[in-house]
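What follows is a single structure, written as structure tokens, with notes after it.
Number of protein chains: 2
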Amino acid sequence: MGQDNFTAQKRSSGGLPTSTTGTSNGRAAAGRGYAALPRGRQIQKTFNNIKITILCGFVTILVLRGTIGVGNLGSSDADAVNQNLIEETNRILAEIRSDSDPNDPDEFINGTQINPNVTYTLGPKIANWDAERRAWLQSNPEFPSLVRGKPRVLLVTGSPPKPCDNPIGDHYLLKAIKNKIDYCRLHGIEIVYNLAHLDMELAGYWAKLPLIRKLMLSHPEVEWIWWMDSDAMFTDMVFEIPLAKYDKHNLVIHGYPDLLFDQKSWIALNTGSFLFRNCQWSLDLLDVWAPMGPKGPIREEAGKILTANLKGRPAFEADDQSALIYLLLSQKDQWMEKVFVENSYYLHGYWAGLVDRYEEMIEKYHPGLGDERWPFVTHFVGCKPCGSYGDYPVERCLSSMERAFNFADNQVLKLYGFRHRGLLSPKIKRIRNETATPLESVDQFDIRRHPMQGSS
Amino acid sequence: MGQDNFTAQKRSSGGLPTSTTGTSNGRAAAGRGYAALPRGRQIQKTFNNIKITILCGFVTILVLRGTIGVGNLGSSDADAVNQNLIEETNRILAEIRSDSDPNDPDEFINGTQINPNVTYTLGPKIANWDAERRAWLQSNPEFPSLVRGKPRVLLVTGSPPKPCDNPIGDHYLLKAIKNKIDYCRLHGIEIVYNLAHLDMELAGYWAKLPLIRKLMLSHPEVEWIWWMDSDAMFTDMVFEIPLAKYDKHNLVIHGYPDLLFDQKSWIALNTGSFLFRNCQWSLDLLDVWAPMGPKGPIREEAGKILTANLKGRPAFEADDQSALIYLLLSQKDQWMEKVFVENSYYLHGYWAGLVDRYEEMIEKYHPGLGDERWPFVTHFVGCKPCGSYGDYPVERCLSSMERAFNFADNQVLKLYGFRHRGLLSPKIKRIRNETATPLESVDQFDIRRHPMQGSS
Chain D
1 MGQDNFTAQK
11 RSSGGLPTST
21 TGTSNGRAAA
31 GRGYAALPRG
41 RQIQKTFNNI
51 KITILCGFVT
61 ILVLRGTIGV
71 GNLGSSDADA
81 VNQNLIEETN
91 RILAEIRSDS
101 DPNDPDEFIN
111 GTQINPNVTY
121 TLGPKIANWD
131 AERRAWLQSN
141 PEFPSLVRGK
151 PRVLLVTGSP
161 PKPCDNPIGD
171 HYLLKAIKNK
181 IDYCRLHGIE
191 IVYNLAHLDM
201 ELAGYWAKLP
211 LIRKLMLSHP
221 EVEWIWWMDS
231 DAMFTDMVFE
241 IPLAKYDKHN
251 LVIHGYPDLL
261 FDQKSWIALN
271 TGSFLFRNCQ
281 WSLDLLDVWA
291 PMGPKGPIRE
301 EAGKILTANL
311 KGRPAFEADD
321 QSALIYLLLS
331 QKDQWMEKVF
341 VENSYYLHGY
351 WAGLVDRYEE
361 MIEKYHPGLG
371 DERWPFVTHF
381 VGCKPCGSYG
391 DYPVERCLSS
401 MERAFNFADN
411 QVLKLYGFRH
421 RGLLSPKIKR
431 IRNETATPLE
441 SVDQFDIRRH
451 PMQGSS
Chain Z
1 MGQDNFTAQK
11 RSSGGLPTST
21 TGTSNGRAAA
31 GRGYAALPRG
41 RQIQKTFNNI
51 KITILCGFVT
61 ILVLRGTIGV
71 GNLGSSDADA
81 VNQNLIEETN
91 RILAEIRSDS
101 DPNDPDEFIN
111 GTQINPNVTY
121 TLGPKIANWD
131 AERRAWLQSN
141 PEFPSLVRGK
151 PRVLLVTGSP
161 PKPCDNPIGD
171 HYLLKAIKNK
181 IDYCRLHGIE
191 IVYNLAHLDM
201 ELAGYWAKLP
211 LIRKLMLSHP
221 EVEWIWWMDS
231 DAMFTDMVFE
241 IPLAKYDKHN
251 LVIHGYPDLL
261 FDQKSWIALN
271 TGSFLFRNCQ
281 WSLDLLDVWA
291 PMGPKGPIRE
301 EAGKILTANL
311 KGRPAFEADD
321 QSALIYLLLS
331 QKDQWMEKVF
341 VENSYYLHGY
351 WAGLVDRYEE
361 MIEKYHPGLG
371 DERWPFVTHF
381 VGCKPCGSYG
391 DYPVERCLSS
401 MERAFNFADN
411 QVLKLYGFRH
421 RGLLSPKIKR
431 IRNETATPLE
441 SVDQFDIRRH
451 PMQGSS
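Below is the structure:
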């Protein structure tokens with residue numbers, strides 16, 4: 001889900017130096033394997049052929065050996081077991097991955113077919129949510145929307161229901177959710193991790209819309225729904241969102257007003273990490289936001305409108321981010337009063353400009369700042385670790401994600417007296433000796449006693 | 001971490017019919033690839049040889065094609081990109097996996113070398129924890145050990161710092177933590193997910209000991225530390241542990257007193273899911289439990305003692321479960337008064353006997369029972385999804401874990417009006433139409449309003 005956001009994202013960043021490099025590297029690297037065959041020296045070719053032919057002969061001999069029944073190599077047993085494991089795993093993988101299910105009657109009601117003449121809706125119109133929610137809260141005092149004076153926040157993230165095309169992707173999804181579990185435990189935030197497609201029409205980066213609506217309606221006690229892409233990590237474990245600052249607003253999103261209104265740039269805002277207040281206004285915004293999303297002709301056509309109206313947007317199907325920007329531009333008077341475009345800290349931080357500066361940050365600053373000195377969130381736009389085709393070299397993405405995770409994890413491990421050996425190392429080392437008076441460390445290092453809020 | 005527990009576990013279950021089948025299947029399956037060659041019909045063989053030879057010829061032709069430079073297939077470009085991605089990924093994987101770091105001075109202080117003459121300790125002796133903790137709680141009223149009348153519980157789980165040997169393993173680690181996130185959100189339990197080796201000496205299934213101790217000392221506000229293996233899933237999302245029942249106890253673990261004291265069986269208790277009260281008694285138990293754990297000669301020697309004294313235990317290095325059983329048997333008077341051996345519900349439930357009965361349970365019973373009618377926890381003992389060698393066929397393990405996850409997920413999705421198409425399907429379908437009055441569903445289906453506790 002988060003990953004799907006990338007394709008859109010990266011194209012945008014094509015303008016930035018870092019990503020241009022990244023992209024060109026990507027192409028170059030991608031090109032190499034293929035370019036080798038036509039060009040390259042003839043001798044090389046001949047050699048390869050000989051090699052292959054010999055290999056073939058060898059294989060045949062091996063098989064014959066088996067038939068004639070010459071004694072087996074000691075290793076062949078283990079090899080066979082291994083082989084067998086691999087085959088079984090692949091079989092399961094295929095089974096779990098296989099998506100289309102033509103005989104399934106639900107395929108249709110889940111709406112893979114859609115009628116372009118009917119405007120798509122997220123569900124029956126809900127008109128009186130604020131009053132209904134207020135009444136519910138009054139009659140359910142055991143589920144208050146304020147906990148110890150703080151509005152209740154639900155962090156929502158998710159990833160595709162099936163294993164990643166690129167297996168290492170699942171490992172980084174695991175690290176990314178571990179990172180979110182840590183931040184949310186430290187700051188009293190609940191988590192919903194979605195692994196399902198609630199709505200087949202709004203697949204990919206649009207899937208967050210029906211999900212957010214569903215969660216608002218199913219968790220009336222929650223004041224703010226905070227969407228975060230699966231490829232975004234908390235890199236400042238101390239920083240806290242200054243919610244009081246947004247008392248008069250219903251949508252908080254990272255971006256730049258000048259890029260939005262002066263340049264109409266399609267990267268003026270980023271939908272990788274944003275907060276929605278649980279209220280009628282948000283439901284209304286989702287209702288007008290969603291109709292560009294249904295996959296197929298509608299999303300294709302909408303894409304053309306967005307590309308025609310947003311600066312720097314390449315031609316491709318409508319994405320949720322462009323659609324929101326277009327909506328806020330075209331219906332500015334109706335919505336902007338309640339939208340807070342935040343850039344005083346990194347509610348979303350573009351990774352390419354940050355991951356190489358962690359050492360510098362550690363040297364000069366400290367957690368709790370949340371801005372370019374110590375980014376609150378590092379978002380791996382364009383990396384697609386779970387998909388097969390990102391916009392940056394896989395190598396750069398993976399090592400950068402590893403660095404971001406360990407940079408954040410060091411802040412968590414400090415309470416326990418450990419840190420990673422290096423920002424690229426999964427291994428940890430002690431930074432304090434065990435003591436007989438552990439509570440001193442708790443009073444000193446427990447992040448929960450020293451939360452730092454952004455300037456209100 | 002959780003996975004490492006398996007090898008020990010499964011051997012035990014060798015006696016149970018299910019696992020015997022499982023194991024024999026495993027062997028059979030493993031054998032097949034290798035056994036096929038010598039036996040099998042000769043014609044079959046000849047056919048294979050011909051096939052292989054043809055294949056070889058084909059490959060050679062393909063390569064020649066490339067050399068002669070006949071136009072490239074359209075796919076070759078994508079293939080090259082794919083190839084390149086795979087290579088880069090593997091390089092990173094190797095980098096991240098590479099463990100030994102001889103030049104690292106920390107290698108030593110982290111204690112990979114150990115002195116068998118010095119008894120291993122988890123850290124400086126802590127003698128007065130109960131009083132210190134009480135004092136801390138009094139001076140930190142903002143971190144109460146009771147929240148809304150319930151003792152504060154911290155669920156602890158974890159997995160190895162590095163990607164799984166078997167890539168699909170990471171996907172199931174992700175599903176297993178999503179499952180725990182759901183249960184813990186519904187029942188107000190905090191989660192710590194450990195991805196680090198705190199102590200190189202206590203690697204593998206022993207790693208939970210230093211981790212639990214560290215967490216007790218770093219989270220004085222937590223009353224119960226609940227360890228759960230990464231391969232255990234909540235399959236009853238409604239059931240709640242009857243903590244009041246354990247007011248007089250400090251360790252709650254699933255098991256059978258007769259197996260423990262009459263038979264001295266090494267599977268009398270299961271350390272895949274148990275609760276420790278945060279108190280001096282627990283620290284003391286950890287101190288006497290740990291010395292059998294240091295890897296190398298100590299663990300090897302201890303293993304012999306355990307095998308000699310515990311019924312059914314095969315000969316292998318000391319594991320944490322056998323060590324605990326041995327300890328409670330040999331020092332019964334000192335410890336058992338505070339140990340609650342629970343089997344009125346499945347604090348740990350052995351998967352092989354449960355996963356095939358889910359349909360029957362759905363038909364006859366309902367969540368909230370927690371026992372054989374609707375198991376609270378389903379634990380995939382012996383599956384080792386993250387390692388390469390489990391004790392059951394990978395296929396059986398993966399599909400069983402998929403079934404357990406979806407069985408549990410259906411209970412979570414009910415609030416949102418969905419369920420999985422089948423217990424093996426990651427895809428979901430609606431079970432209710434969207435309504436304009438969503439709060440009715442909340443009042444009806446929110447698990448938090450209807451928690452069911454085990455009989456106190």
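Chains D and Z are the protein sequences, given in the same order. For the first sequence, counting from 1, position 230 maps to 230 in UniProt numbering; every step adds exactly one. For the second sequence, counting from 1, position 364 maps to 364 in UniProt numbering; every step adds exactly one. All C-beta atoms in this analysis are idealised placements derived from N, C-alpha and C, irrespective of residue type, glycine included.
- Secondary structure in the stretch 279-343 of chain D: the beta strand (DSSP E) runs of 3 residues or longer, each lying completely within the stretch, are 339-342 in chain order.
- Boundaries of the alpha helix (DSSP H) around Y183 of chain Z: I168 to L186.
- By the Cβ-count criterion, P141 of chain D is exposed, with fewer than 16 other Cβ atoms from all chains shown falling within 10 Å of its own Cβ.
- In the DSSP assignment, H254 of chain D is bridged to D:E342.
- In this structure, the straight-line span from the alpha carbon of E132 of chain D to that of C279 of chain D is close to 10 Å.
- Rounded to the nearest angstrom, the gap between the Cα atoms of G293 of chain D and D391 of chain D is 23 Å.
- Membership of A232 of chain Z in the beta strand (DSSP E) is indicated by the continuous run A232 to F234.
- In the displayed model, Y358 of chain Z falls within a helix according to three-state DSSP.
- In the structure shown, N410 of chain Z falls within a helical segment according to DSSP collapsed to helix, strand and coil.
- In this chain, the alpha helix (DSSP H) harbouring E132 of chain Z covers W129 to S139.
- Beyond the five residues adjoining it in sequence on each side, S425 of chain D comes within less than 8 Å, by CB distance, of N406 in the same chain, given in chain order.
- Taking 8 Å as the upper bound for CB-CB distance, P124 of chain D and A176 of chain Z are not in contact here, some 36 Å apart.
- As the crow flies, the alpha-carbon of E342 of chain Z is around 40 Å from that of Q138 of chain D.
- The Cβ-Cβ distance between F239 of chain Z and G370 of chain Z falls below 8 Å.
- Taking W281 of chain Z as reference, the option from Z:V192, Z:S230, Z:T271 and Z:R213 with the minimal CA-CA separation is Z:R213.
- Following the DSSP letters along the chain, one finds S273 of chain D inside the beta strand (DSSP E) bounded by residues L269 to R277.
- The C-beta of F380 of chain D comes no closer than 8 Å to any C-beta of chain Z.
- Bounds of any alpha helix (DSSP H) do not take in V192 of chain D; it lies within the beta strand (DSSP E) bounded by E190 to N194.
- Listed along the chain, the chain Z residues whose CB falls inside 8 Å of the CB of R185 of chain D are E190, I191 and V192.
- Spatial neighbours of L283 of chain Z in its own chain (CB-CB distance under 6 Å, excluding positions within 5 residues in sequence) are listed in chain order as I126 and W129.
- Spanning the alpha carbons of P161 of chain D and L174 of chain D requires a straight line of approximately 14 Å.
- In the three-state reduction of the DSSP assignment, F261 of chain D falls in the helix class, which pools H, G and I.
- In terms of beta-carbon proximity, F276 of chain Z stays away from the interface with chain D, with every pair separated by 8 Å or more.
- Taking a C-beta distance under 8 Å as the contact criterion, D170 of chain D and D170 of chain Z qualify as a contact pair.
- Here F239 of chain Z carries a strand assignment [DSSP, helix/strand/coil].
- Distances from the CA of V222 of chain D to each of D:I189, D:D229 and D:K311 were compared; the closest alpha carbon is that of D:I189.
- Across the set Z:H187, Z:F261 and Z:E440, the C-alpha of Z:H187 shows the shortest separation from the C-alpha of R148 of chain Z.
- Burial is judged here by how many other beta carbons sit within 10 angstroms of a residue's own beta carbon; E300 of chain D has fewer than 16 and is exposed.
- Within chain D, the residues A196 and L198 have their CB atoms less than 8 Å from the CB of F418 of chain Z, given in chain order.
- Per the coordinates, the alpha-carbon of W136 of chain D lies some 11 Å from the alpha-carbon of P438 of chain Z.
- Beta-bridge partners of W226 of chain D (DSSP): D:L155 and D:L275.
- When the five nearest sequence neighbours on each side are left out, the beta carbons in the same chain lying within less than 7 Å of the beta carbon of A408 of chain D are those of N179, M233, F234, T235 and M237, in order along the chain.
- A straight line joining the alpha-carbon of L398 of chain D with that of R430 of chain D spans about 25 Å.
- Checking the DSSP bridge columns, you'll see T378 of chain D partnered with D:M233.
- Only those residues of the stretch 430-446 of chain Z whose C-beta falls short of 9 Å from the nearest C-beta of chain D are listed: R430, N433, E434, T435, A436, T437, P438, L439, S441, V442, D443, F445 and D446.
- For a Cβ distance threshold of 9 Å, nothing in chain Z lies close to G255 of chain D: the least Cβ distance comes to about 29 Å.
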